[in-house]
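Visitor: Quick one: the structure is below, and I'll ask about it shortly.
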Amino acid sequence: MSFFRRLAPALLAATILTGAIAPAHADEQFFPLQSYRVGPYAAGGTGFFGGFIDYLTLINDRDGGVNGVRLTWAEGETEYEVEKGVEVYQRLKSTPGIAAWNPLSVGIAYAMIDGVTEDKVPLLTVNHGRTDTTDGRVFPYVFPLLLNPWSESSGIVNYIAAKEGGLEALKGKKIVVLYHGSPYGKETIPIYELLAEKYGFQLIQIEVPHPGSEQQAQWLQIRRERPDYVVLRGWGVMNPVALTTAQRNGFPADRIIGNVWSNSEEDVLPAGEAAIGYTAITTQASGQDYPVLKEVIAGVYDKGQGNLSDKARIGSVYHNLGIVNGILNVEAIRIAQARFGNRTLTGDEVRWGFEHLRLSPERVKELGAEGLFHSINVTWDNHEGEGYVTFQQWDGKKWNVVSDWIAPDWALLRPIIEASSEAYAKEKGLTIRTEADVDTVIGPN
Amino acid sequence: MSLAVEAPARPLLTGQRLAILALLALAFLGVPAFASPWTIEAILLPFLALSLAGLGLNLLTGYAGQVSLGSAAFMAVGAYAAFNIQLRLGLPLPLTFLFASTTAAAVGVIFGLPSLRLKGFYLAVSTLAAQFFLQWLFNKFGWFSNYSASGVISAPVLGFAGITFDSRESRYLLALTTVTLITIFVHRLVNGPARINLIAVRDNETAAKVIGVPVLRTKLAAFALSSAIIGIAGVLWSFTYLRTIEPEGFNLDRSFQILFIAIIGGLATLRGAFLGAGLIVVFPLLLSRGSAWIFDGGLDAGSVQLTQRIVLGATIVTFLILEPNGLSSILDRVTARVRSLMGRT
């Protein structure tokens, strides 16, 4: 019995020793990446982390880093599984000079909230995440940048209103929300109910059990109800199946509006012709017609340093989300450097940067991203930052933007967000921050 | 599977017992003092939780011969029960553990009922019902997650008698103490009179009935106890390790993982659960750490991960071919060899 058991501590000790990470050189800022390149969600993971790394590479090569501070990163594979993500977090969290965490997974982000708050390092959940972390008063280190799930719902309803000729026109319309049978899918149920009550449209919410590869019953019900629009709140295989089943039941694709996890090329390509005309929300337009994308192609891919193995995916939805995420991270560092100096920043200093991350449309244009995303205005208590959304329609080959930039109804959502975050603060015994706490920043030593 | 030969009575302080005591001393005193945060958080905490789950399943599958594919669901029952007991009743910690395991035991008995009529593969398939039904239940009804908007809940900090189990070391010690106590309890159980009943049911049900073993009661008791232990493992998994609870974390993959821990470690042995968890939980992490260090970003993380899977798969196949009775038997042979070598010199 004892032999292996005695060996185990020695093995552990060996790993701890060999795993020790070399100290960062002066003036480096490190990004620990909990990426997922294998497993069922690899398409999203390779695109997003590919775009993020491409942008960091561009900043290093073109500008020599952010004001001379080079950006470094290391990847740990999570397969989108929470415990693997936690392991990577534990493995990389003692690396010096961490700027921020970007897990792109709600489950992993949840498991890290306590940890990053203790470490005082920002945790970014661009386009997704826990809605009430928008309230920076309770979650100082968590940033659901650009769009949280509730804003997304409001943005979709506002788009339908714009198509119908104003919010008044929603009265008496009938909208079906087809949602994935998971915590993610169900998160917006109360918000759609609130919106239906406020704007007077008739609402039917139908669940599709995970994974969603069979939806005949749901679409028969939709056919009976004859709604004006179907909102698709899908995930993975549920999306193409929804589109093909809709076609079989004679529901027009251009009356189906997808949410942010139903808006990628991977969601529509398997549906073939059935997806033509399908429209989906996005915070970042797809395509390569933006100066920053051209620079990524010329400065990174043409030099053979690109991260995507398939160049055809440059400018795809997830790749562009990664690039936008790169811009937001880099600009937060730049803003924090303007205050604290052009050096390796502490996590708390980067947090200050994110809490002052204001990129006006003019600044976005300077960054070469005009049209790619609209703007962001993060403050100490609003960690989402008033991201605008736009809508894109699939033509069988690519997405085309078909709307202006649309603002979700933030004022309507804010009280519910605050109620939720205050309940969390009470449950956890946290004190709610005030504006004065923002400038209390832990510097180096 | 044959009935294991009873070990002859031994003196109080055998080499084996000394080794176990030394190991416990190291785990209780050495680890909190010297282990790195990564070792505790990423290796030891999941190792302890899944060892316990493997131990619970081993009681059912290894000793009583009933195959179950619902282990992850019983872990979820334990975790959600503990969350709701803490939230709604605010009971002290030992009572929380007790009630969480009782709830899991009750649910285990319900899903163990088919075992009275079904055997082998058919029983395994019927326990899948537990897996699907319970996961659906926690998803469907917001009450279980206290109407949390996203259905993912962050586990509250456990505390008892003025001590809060918030820091890394205290969570580790809580998990370690729980696992140690339960292991001692199971050790006494399977070396006591219950052993005969369990093994008789496993090896030949008809013969067991003929000699007067209460087959039905034994089966249900095995389901109850096994689920109770797996429920506690779920509490440790959610509260001391991940500190969040989500239904997706207790999916069928997890059930298989626990089954593999029991089989690869060695059925009907206690240490099998720990050895199996070592191979299934700790080995991939060491492999991933090692490969990250060797390749140092030279390969993309995805390829490294796939390589690791091949290595892990090959290791498991090799082990099982070398010794179908699991790691525990290999260990026996190794210690016997070492002993005979030492005896010779």
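The listed protein sequences correspond, in order, to chains Z and V.
FYI, in our numbering the residues of the first sequence are 392 to 836.
FYI, in our numbering the residues of the second sequence are -17 to 327.
Each residue gets a CB set at the ideal place from its N, CA and C atoms; glycine is no exception.
The model shown is predicted, which means the values in this text are computed figures rather than measured ones.
Going along chain Z, which residues have a C-beta under 8 Å from V:Gln287?
Guide: To locate residue 287 of chain V, count along the second sequence from 1; it is residue 305. Within chain Z, the residues near V:Gln287 are Arg428, Val429, Glu468, Glu470.
Visitor: Note the first and the last residue of the continuous alpha helix (DSSP H) segment covering V:Thr160.
Guide: Taking the first residue of the second sequence as position 1, residue 160 of chain V is located at position 178. Where V:Thr160 is concerned, the enclosing alpha helix (DSSP H) stretches over 150 to 172.
Visitor: Would you give the residue range spanned by the alpha helix (DSSP H) that Z:Gln461 belongs to?
Guide: Working through the first sequence from its first residue, we reach residue 461 of chain Z at position 70. Sequence inspection shows Arg at residue 461 of chain Z; the Gln mentioned does not correspond to that position. First-last for Z:Arg461: 461 to 468, but that is the beta strand (DSSP E), not the alpha helix (DSSP H).
Visitor: Select from the region 570 to 592 of chain Z all residues with a C-beta closer than 7 Å to any C-beta belonging to chain V, and list them in chain order.
Guide: Those residues of the region 570 to 592 of chain Z that come within reach of chain V (Cβ to Cβ, closer than 7 Å) are Gly572, Ser573, Pro574, Tyr575, Lys577, Glu578.
Visitor: With 8 Å as the C-beta to C-beta threshold (strictly closer), list the residues of the region 242 to 270 of chain V near chain Z in chain order.
Guide: Hits within the stretch, in order: Arg253, Leu257, Gly260, Leu267, Leu268, Ser270.
Visitor: Taking the alpha-carbon positions, what's the Z:Pro600 to Z:Gly576 distance?
Guide: As a working mapping, residue 600 of chain Z is identified with position 209 in the first sequence. As a working mapping, residue 576 of chain Z is identified with position 185 in the first sequence. Their backbone Cα atoms lie some 10 Å apart in a straight line.
Visitor: Indicate the three-state DSSP secondary structure (helix, strand or coil) for Z:Tyr620 in the structure shown.
Guide: Working through the first sequence from its first residue, we reach residue 620 of chain Z at position 229. In the structure shown, Z:Tyr620 sits in a strand (DSSP, three-state: E or B).
Visitor: Does the separation of the CB atoms of V:Ile117 and V:Ala176 fall below 9 Å?
Guide: On the second sequence, position 135 is the one that residue 117 of chain V refers to. On the second sequence, position 194 is the one that residue 176 of chain V refers to. It should be noted that the sequence gives Gln, not Ile, for residue 117 of chain V. For V:Gln117 and V:Ala176, no; Cβs fall outside 9 Å.
Visitor: Report the neighbours of V:Thr331 on chain Z: residues whose CB is nearer than 7 Å to its CB, in chain order.
Guide: Outside the displayed span of chain V (-17 to 327) sits residue 331 of chain V, for which this structure offers no information.
Visitor: Tell me the DSSP secondary structure of Z:His710 in three-state form.
Guide: Looking up residue 710 of chain Z in the first sequence gives position 319. Note: Z:His710 maps to helix in three-state DSSP.
Visitor: Determine, for V:Tyr223, whether the minimum Cβ-Cβ distance to residues of chain Z falls below 9 Å.
Guide: As a working mapping, residue 223 of chain V is identified with position 241 in the second sequence. Yes, V:Tyr223 lies at the interface with chain Z (some Cβ there is under 9 Å from its Cβ).
Visitor: Could you check which residue in V:Ala1, V:Phe10, V:Gly(-3), V:Val49 has the C-alpha nearest to that of V:Lys201?
Guide: Here residue 201 of chain V corresponds to residue number 219 of the second sequence, with the count starting at 1. V:Lys201 has its Cα closest to that of V:Val49, out of V:Ala1, V:Phe10, V:Gly(-3), V:Val49.
Visitor: Going by DSSP, name the residue or residues bridged to Z:Trp492.
Guide: Here the question's residue 492 of chain Z lines up with position 101 in the first sequence. Note: Z:Trp492 sits in a beta bridge opposite Z:Leu514.
Visitor: Would Z:Gln606 be called buried (16 or more neighbouring beta carbons within 10 Å of its own) or exposed?
Guide: For the purposes of this step, residue 606 of chain Z is identified with residue 215 of the first sequence, where counting begins at 1. Label assigned to Z:Gln606: buried.
Visitor: Rounded to whole angstroms, what's the CA-CA distance from V:Ala215 to V:Val263? Just pull it up for me.
Guide: Counting from one through the second sequence, the residue named residue 215 of chain V turns up at place 233. Counting from one through the second sequence, the residue named residue 263 of chain V turns up at place 281. Rounded to whole angstroms, V:Ala215 to V:Val263 spans 14 Å at the Cα level.
Visitor: How long is the line joining the alpha carbons of Z:Leu852 and V:Val293, rounded to whole angstroms?
Guide: Residue numbering for chain Z in the displayed model covers 392 to 836; residue 852 of chain Z lies beyond these limits and cannot be assessed.
Visitor: Hey, is Z:Tyr681's beta-carbon within less than 9 Å of any beta-carbon in chain V?
Guide: Counted from its first residue, the first sequence places residue 681 of chain Z at position 290. By this cut-off, Z:Tyr681 is not an interface position.
Visitor: Under a Cβ-count criterion, where at least 16 other Cβ atoms within 10 Å of its own Cβ denotes burial, should V:Ser237 be classed as buried or exposed?
Guide: On the second sequence, residue 237 of chain V is found 255 positions in, with the first residue counted as 1. With 16 or more Cβ atoms within 10 Å of its Cβ, V:Ser237 is classed as buried.
Visitor: I'd like to check one pair, Z:Leu684 with Z:Leu359: are the Cβ atoms closer than 9 Å?
Guide: The first residue shown for chain Z is 392 and the last is 836, placing residue 359 of chain Z beyond what the model contains.
Visitor: I need the DSSP call for Z:Lys565, collapsed to helix, strand or coil.
Guide: As a working note, residue 565 of chain Z is residue 174 in the first sequence. DSSP places Z:Lys565 in strand when its eight states are reduced to three.
Visitor: Chain Z beta carbons: is any one of them nearer than 9 Å to that of V:Val134?
Guide: Counting from one through the second sequence, the residue named residue 134 of chain V turns up at place 152. Cβ-Cβ to chain Z under 9 Å: yes for V:Val134.
Visitor: Against chain Z, with Cβ distances strictly below 9 Å, would V:Trp20 count as a contact?
Guide: If you number the second sequence from 1, residue 20 of chain V lands on position 38. It does: the Cβ of V:Trp20 has a partner Cβ on chain Z nearer than 9 Å.
Visitor: Closer than 8 Å by C-beta to Z:Gln679: which residues in its own chain qualify, once you throw out the five before and the five after it? Chain order, please.
Guide: Within the first sequence, numbered from 1, the residue matching residue 679 of chain Z stands at position 288. Within the same chain, Z:Gln679 has close Cβ partners Lys685, Ile688, Ile705, Gly706.
Visitor: Is there contact between the region 640 to 651 of chain Z and the region 721 to 732 of chain Z, where contact requires at least three CB pairs shorter than 8 Å?
Guide: At 8 Å Cβ cutoff, the stretches do not touch.
Visitor: Near Z:Arg734, what residues of its chain come up, given a Cβ to Cβ distance below 7 Å and the 5 sequence neighbours on each side ignored?
Guide: To locate residue 734 of chain Z, count along the first sequence from 1; it is residue 343. Closer than 7 Å at Cβ, skipping near neighbours: Asp418, Val460.
Visitor: So that I know if they touch, is there some Cβ in chain V lying closer than 9 Å to that of Z:Gly498?
Guide: Position 107 of the first sequence, counted from the first residue, corresponds to residue 498 of chain Z. Chain V, which has a Cβ nearer than 9 Å to the Cβ of Z:Gly498, makes this yes.
Visitor: Taking DSSP as the reference, what is the three-state secondary structure of Z:Ser812?
Guide: On the first sequence, position 421 is the one that residue 812 of chain Z refers to. In this structure, Z:Ser812 counts as helix in the three-state DSSP scheme.
Visitor: Quick check: what's the CA-CA separation for V:Gly213 versus V:Ala206?
Guide: As a working mapping, residue 213 of chain V is identified with position 231 in the second sequence. As a working mapping, residue 206 of chain V is identified with position 224 in the second sequence. Cα to Cα, the separation comes out at about 10 Å.
Visitor: Between the C-alpha atoms of V:Ala157 and Z:Glu813, what's the straight-line distance to the nearest angstrom?
Guide: Walking along the second sequence from the start, residue 157 of chain V turns up at place 175. Walking along the first sequence from the start, residue 813 of chain Z turns up at place 422. Those two C-alpha atoms are separated by around 31 Å.
Visitor: As an exercise, report each continuous alpha helix (DSSP H) stretch of at least 4 residues that is fully enclosed by the region 566 to 654 of chain Z, in chain order.
Guide: Listed in chain order, they are 574 to 577, 580 to 590, 607 to 616, 629 to 639.
Visitor: For V:Ile219, name the three-state secondary structure that DSSP assigns.
Guide: For the purposes of this step, residue 219 of chain V is identified with residue 237 of the second sequence, where counting begins at 1. Per the sequence presented here, residue 219 of chain V reads as Trp, with Ile not at that position. The answer is helix: DSSP assigns V:Trp219 an H, G or I state.
Visitor: List, in chain order, every chain Z residue whose beta-carbon is nearer than 7 Å to that of V:Thr226.
Guide: By one-based count along the second sequence, residue 226 of chain V stands at place 244. Chain Z residues near V:Thr226: Tyr501, Ala502.
Visitor: To which residues of the same chain is Z:Arg453 closer than 8 Å at the C-beta, ignoring the five residues directly before and after it?
Guide: The residue given as residue 453 of chain Z occupies position 62 in the first sequence. Once the five neighbours on either side are set aside, the close Cβ partners of Z:Arg453 are Glu686, Gly690.
Visitor: Do the region 19 to 31 of chain V and the region 217 to 227 of chain V touch if we need at least three Cβ pairs shorter than 8 Å?
Guide: Yes: the two stretches touch, three or more of their Cβ pairs being nearer than 8 Å.
Visitor: Just how far apart, CA to CA, sit V:Ala(-11) and V:Arg253?
Guide: Counting from one through the second sequence, the residue named residue -11 of chain V turns up at place 7. Counting from one through the second sequence, the residue named residue 253 of chain V turns up at place 271. Low per-residue confidence applies at V:Ala(-11): pLDDT is 48, beneath 50, and the placement is therefore not dependable, though the value from the model is reported in the following sentence. Cα to Cα, the separation comes out at about 15 Å.
Visitor: Beta carbons nearer than 7 Å to chain Z: which residues of the region 295 to 327 of chain V have them?
Guide: Per Cβ criterion, the list reads Leu313, Val316, Thr317, Val320.
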